[in-house]
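Peer 1: First the structure, then my questions, so here it is.
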Amino acid sequence: MADILNLAAANLLSPMVLFFALGLAAALARSDLAIPEAVAKGMSIYLMMAIGFKGGAGVAAHGLDATLILALIAGLILSALIPVVAFQILTRVSDLPRVDAAAVVAHYGSISIVTFLAATEALKISGIPAESYMVAVAAAMETPAIFVGLILAQSATSTSGSRGSSTGEVGNLDRTALREVVLNGSIVVLVGSFIIGWISGPAGLTSIESFIVSPFKGVLCLFLLDMGLIAGRGLRDGSKQLSPSVVAFGLYMPLVGAVMGLVAGLLVGLSPGGIALMITLSASASYIAVPAAMRLALPEARPAIYLPLSLGVTFPFNLVIGIPLYIAMATAVTG
Amino acid sequence: METFKKKRIEIVIEALVLKRLIAVFEDNQINGYTVYSAQAGSGKSGAWQADGVISGTNELRVVFCIVDETRVDQILDPVFKLISRHIGIVTVSDVDVIRGDQFD
Chain P
1 MADILNLAAA
11 NLLSPMVLFF
21 ALGLAAALAR
31 SDLAIPEAVA
41 KGMSIYLMMA
51 IGFKGGAGVA
61 AHGLDATLIL
71 ALIAGLILSA
81 LIPVVAFQIL
91 TRVSDLPRVD
101 AAAVVAHYGS
111 ISIVTFLAAT
121 EALKISGIPA
131 ESYMVAVAAA
141 METPAIFVGL
151 ILAQSATSTS
161 GSRGSSTGEV
171 GNLDRTALRE
181 VVLNGSIVVL
191 VGSFIIGWIS
201 GPAGLTSIES
211 FIVSPFKGVL
221 CLFLLDMGLI
231 AGRGLRDGSK
241 QLSPSVVAFG
251 LYMPLVGAVM
261 GLVAGLLVGL
271 SPGGIALMIT
281 LSASASYIAV
291 PAAMRLALPE
301 ARPAIYLPLS
311 LGVTFPFNLV
321 IGIPLYIAMA
331 TAVTG
Chain E
1 METFKKKRIE
11 IVIEALVLKR
21 LIAVFEDNQI
31 NGYTVYSAQA
41 GSGKSGAWQA
51 DGVISGTNEL
61 RVVFCIVDET
71 RVDQILDPVF
81 KLISRHIGIV
91 TVSDVDVIRG
101 DQFD
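What follows is the structure, given as structure tokens:
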């Protein structure tokens, strides 16, 4: 118990969480602090490039094993399964139109790469090693949830005739949209950097260490300051749109996903650190790839519901409470 | 100075859908158009601003082109089909241009 409390305190007092809190407080206090959009996008690309490269270099150093394949399969299954479970819950506990519910649950099946980064850093602080290839699992979990969400939206409108397009195109993912979803910039840079890291190995990592490794934490802090600002704005604006039952869903759904991730991590045979990351991925909600895909393929769903819920409720919950809890869960079940 | 009567079509569209709009333009041989970013605004769903949301979900683009009156319907039909499910504002206005042969 003391270990869990120490971990929680270390997480809460880490520069990352404190910068996030600063951004959140600034947005709630209506400060004019803002990170320019282009800077935020640049940082996002940098972080994905760094984590992808380091993951690939780690795989090159330690080699591949069957657990990687199993972890990838588990990630794909979780990403497809979590939205189905979440949809059953959300449509029962809230009065959200089913198209909105389908869009929301797609976010919960997919992942938040920044939550994953924060969990990776928390594991490092705690001295718990994790499999380098978990970043590949993160990439694998980005998209299946999008397709499941769209299928749920299609079935929802065909069975209930709820709010949707008069042209019957709800959730229709044409070839152009499919290409845009699969080749989403975040996925391309993450997977591409992973492959480059794998090919170039530890020697490649050493050669660009001063760019990829040393500034990483500082950039992550700045990025989290921006995320705090976005989350604060989301909370401020979303409070008008989100009912208490939907907000509650944003707080307990990560725990449902966490339990599913824990079971999957144990079945695959991951290390405690790997299980903690699998739990984190399953508990996190997307705010980059899925919102963009939903705007393209399911524009009838309201971003005013799914964005504040993912960014303003679930992301802060995971960052502050979730990550230490998930690490504690992983270490407790593995002894 | 002599001026020529033309039509200016302006479309405010989600940034994520811009590529498809450009494809519509290309399919209809609209080779001259201009795109710029909208920074913030307010509409039926409330206020919005481009800064912050890195998914591009909150970003809008403004696209305009100047064409001869005879081509307006040819462009508007596929544009309407494209934006019918998305956020979009389409306006058509009369303009006077100096070099009429540049806008057919």
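Protein chains in written order, with my numbering: chain P, 1 to 335; chain E, 1 to 104. Yeah, the Cβ is synthetic: ideal placement off N, Cα and C, and Gly gets one too.
1. Is it right to say Lys6 (chain E) is buried, meaning 16 or more other beta carbons lie within 10 angstroms of its own, or is it exposed?
2. For Ser79 (chain P), which three-state DSSP category applies?
3. On the CB-based measure, 16 or more other CB atoms within 10 Å of its CB, does Met1 (chain E) come out buried or exposed?
4. Going by alpha carbons, who is nearest to Gly234 (chain P) out of P:Pro303, P:Glu209, P:Thr176, P:Ala276?
5. Could you give the residue range of the alpha helix (DSSP H) that holds Tyr133 (chain P)?
6. Residues in its own chain within less than 7 Å of Leu59 (chain P) by CB, not counting five upstream and five downstream?
7. Within 10 Å of its beta-carbon, does Lys54 (chain P) have 16 or more other beta-carbons around it, so buried, or fewer, so exposed?
8. Exposed or buried, which one is Leu16 (chain E) when buried takes at least 16 other CB atoms within 10 Å?
9. Check the Cβ of Glu209 (chain P) against every Cβ in chain E and list those closer than 8 Å, keeping chain order.
10. Does the separation of the CB atoms of Val256 (chain P) and Ile305 (chain P) fall below 9 Å?
11. Using the Cα positions of Trp60 (chain E) and Ala2 (chain P), report the straight-line distance between them to the nearest angstrom.
12. Which residues does DSSP pair with Leu72 (chain P) in a beta bridge?
13. Give the range of the alpha helix (DSSP H) segment to which Glu180 (chain P) is assigned.
14. Drop a sphere of 10 angstroms on the beta-carbon of Gln39 (chain E), count the other beta-carbons inside from all chains shown, and report buried for 16 or more, exposed for fewer.
15. Report the three-state DSSP secondary structure of Val93 (chain P) (helix, strand or coil).
16. Report the option in P:Tyr46, P:Thr115, P:Ala203, P:His107 whose CA atom is closest to the CA atom of Ala61 (chain P).
17. By DSSP, does Arg85 (chain E) sit in helix, in strand, or in coil?
18. So, is the C-beta of Arg295 (chain P) closer than 9 Å to a C-beta in chain E?
19. Would you decide whether Ser310 (chain P) is buried or exposed? Buried here means 16 or more other CB atoms lie within 10 Å of its CB.
20. If you run the structure through DSSP and keep just helix, strand and coil, what is Tyr306 (chain P)?
21. Counting pairs of Cβ atoms below 8 Å between the stretch 11–29 of chain P and the stretch 8–27 of chain E, do you hit three or more?
22. Please confirm if the stretch 177–195 of chain P is in contact with the stretch 313–323 of chain P, defined as three or more CB-CB distances below 8 Å between the two stretches.
23. Do Ala80 (chain P) and Pro144 (chain P) have their CB atoms nearer than 9 Å?
24. Would you please verify whether the beta carbon of Thr176 (chain P) is less than 9 Å from any beta carbon of chain E?
25. Between the C-alpha atoms of Arg20 (chain E) and Ala40 (chain P), what's the straight-line distance to the nearest angstrom?
26. By the criterion of Cβ-Cβ separation under 7 Å, what are the contact partners of Glu14 (chain E) in chain P?
27. State the CB to CB distance for the pair Met294 (chain P) and Ala106 (chain P), rounded to an integer number of angstroms; the pair is presumed to be in contact (CB under 8 Å).
28. Short of 7 Å Cβ to Cβ, which residues in the stretch 126–146 of chain P face chain E?
29. Using CA coordinates, which residue listed in P:Ala258, P:Gly232, P:Thr334 is at the minimum distance from Ile323 (chain P)?
30. So who's on the other strand from Thr91 (chain E), going by DSSP bridges?
31. Out of P:Val85, P:Asn6, P:Ala118, point me to the one whose CA is closest to Phe223 (chain P)'s CA.
32. Strictly under 9 Å for the Cβ-Cβ distance: is Pro202 (chain P) near chain E by that measure?
33. Go through its chain and collect everything with a Cβ distance to Thr91 (chain E)'s Cβ below 6 Å, but skip five positions before and after it.
Peer 2: If we stick to the structure as given:
1. Taking the second sequence and counting its residues from 1, one reaches residue 6 (chain E) at position 6. Buried, by the Cβ-count rule.
2. Taking the first sequence and counting its residues from 1, the one referred to as residue 79 (chain P) is at position 79. The answer is helix: DSSP assigns Ser79 (chain P) an H, G or I state.
3. Reading the second sequence from its first residue, position 1 is the one you call residue 1 (chain E). So Met1 (chain E) counts as exposed.
4. As a position in the first sequence, residue 234 (chain P) is number 234, starting the count at 1. Measuring C-alpha to C-alpha distances from Gly234 (chain P) to each of P:Pro303, P:Glu209, P:Thr176, P:Ala276 identifies P:Pro303 as the nearest.
5. By one-based count along the first sequence, residue 133 (chain P) stands at place 133. Unbroken run through Tyr133 (chain P): none, as it is neither H nor E.
6. In the first sequence, the residue the question calls residue 59 (chain P) occupies position 59. Sequence inspection shows Val at residue 59 (chain P); the Leu mentioned does not correspond to that position. Within the same chain, Cβ atoms closer than 7 Å to the Cβ of Val59 (chain P) are found at Ser132, Tyr133, Trp198, the five residues on either side in sequence being excluded.
7. Translated into the one-based positions of the first sequence, residue 54 (chain P) becomes position 54. With a threshold of 16 other beta carbon atoms within 10 Å, Lys54 (chain P) meets it and is buried.
8. Working through the second sequence from its first residue, we reach residue 16 (chain E) at position 16. Result: buried.
9. As a working mapping, residue 209 (chain P) is identified with position 209 in the first sequence. What Glu209 (chain P) touches in chain E: nothing, since even the nearest Cβ is about 26 Å away.
10. Here residue 256 (chain P) refers to the residue found at position 256 of the first sequence. Here residue 305 (chain P) refers to the residue found at position 305 of the first sequence. No, the pair does not count as a contact, with Cβ atoms beyond the cut-off.
11. Residue 60 (chain E) sits at position 60 when you count from the first residue of the second sequence. Residue 2 (chain P) sits at position 2 when you count from the first residue of the first sequence. For the sequence presented, residue 60 (chain E) should be read as Leu rather than Trp. Between Leu60 (chain E) and Ala2 (chain P), the C-alpha separation is close to 50 Å.
12. Translated into positions along the first sequence, residue 72 (chain P) becomes position 72. Its beta-bridge partners do not exist; DSSP assigns none.
13. As a first step, residue 180 (chain P) must be located in the first sequence, where it is residue number 180. 175–182 is the span of the alpha helix (DSSP H), which, as asked, contains Glu180 (chain P).
14. Translated into the one-based positions of the second sequence, residue 39 (chain E) becomes position 39. Classification of Gln39 (chain E): exposed, given that the 10 Å Cβ count is below 16.
15. Here residue 93 (chain P) refers to the residue found at position 93 when the first sequence is read from its first residue. Three-state result, Val93 (chain P): helix.
16. Residue mapping note: residue 61 (chain P) aligns to position 61 of the first sequence, counting from 1. Minimum Cα distance to Ala61 (chain P) is reached at P:Ala203.
17. One-based indexing of the second sequence puts residue 85 (chain E) at position 85. Under the three-state reduction of DSSP, Arg85 (chain E) is assigned to coil, being neither helix nor strand.
18. On the first sequence, position 295 is the one that residue 295 (chain P) refers to. For Arg295 (chain P), the answer is yes, since a Cβ of chain E falls inside 9 Å of its Cβ.
19. Taking the first residue of the first sequence as 1, we reach residue 310 (chain P) at position 310. With a threshold of 16 other beta carbon atoms within 10 Å, Ser310 (chain P) meets it and is buried.
20. Against the first sequence, residue 306 (chain P) aligns to sequence position 306. Looking at Tyr306 (chain P) - three-state DSSP - the assignment turns out to be helix.
21. Segments in contact, no.
22. Output reads no: the stretch 313–323 of chain P does not touch the stretch 177–195 of chain P.
23. As a working mapping, residue 80 (chain P) is identified with position 80 in the first sequence. As a working mapping, residue 144 (chain P) is identified with position 144 in the first sequence. With respect to the 9 Å criterion, Ala80 (chain P) and Pro144 (chain P) are classified as neighbours on the basis of their beta carbons.
24. Within the first sequence, residue 176 (chain P) is the residue found at index 176, counting from 1. Chain E contact via Cβ: present.
25. Taking the first residue of the second sequence as position 1, residue 20 (chain E) is located at position 20. Taking the first residue of the first sequence as position 1, residue 40 (chain P) is located at position 40. Roughly 25 Å between the two C-alpha positions.
26. Along the second sequence, read from residue 1 onward, the residue named residue 14 (chain E) stands at position 14. Arg295, listed in chain order.
27. Counting from one through the first sequence, the residue named residue 294 (chain P) turns up at place 294. Counting from one through the first sequence, the residue named residue 106 (chain P) turns up at place 106. About 7 Å separates the Cβ atoms of Met294 (chain P) and Ala106 (chain P), confirming a contact at the 8 Å cut-off.
28. In summary, no residue of the stretch 126–146 of chain P has a CB separated from any CB of chain E by less than 7 Å.
29. Position 323 of the first sequence, counting from 1, holds the residue named residue 323 (chain P). Of the candidates P:Ala258, P:Gly232, P:Thr334, the one whose C-alpha sits nearest the C-alpha of Ile323 (chain P) is P:Ala258.
30. In the second sequence, the residue the question calls residue 91 (chain E) occupies position 91. For Thr91 (chain E), which the question treats as bridged, DSSP gives the partners E:Glu10.
31. Reading the first sequence from its first residue, position 223 is the one you call residue 223 (chain P). Selected option, being the one with the closest Cα: P:Ala118.
32. As a position in the first sequence, residue 202 (chain P) is number 202, starting the count at 1. Cβ-Cβ to chain E under 9 Å: no for Pro202 (chain P).
33. Residue numbering aside, residue 91 (chain E) sits at position 91 when the second sequence is read from its first letter. Excluding residues within five positions, the ones whose Cβ falls inside 6 Å are Glu10.
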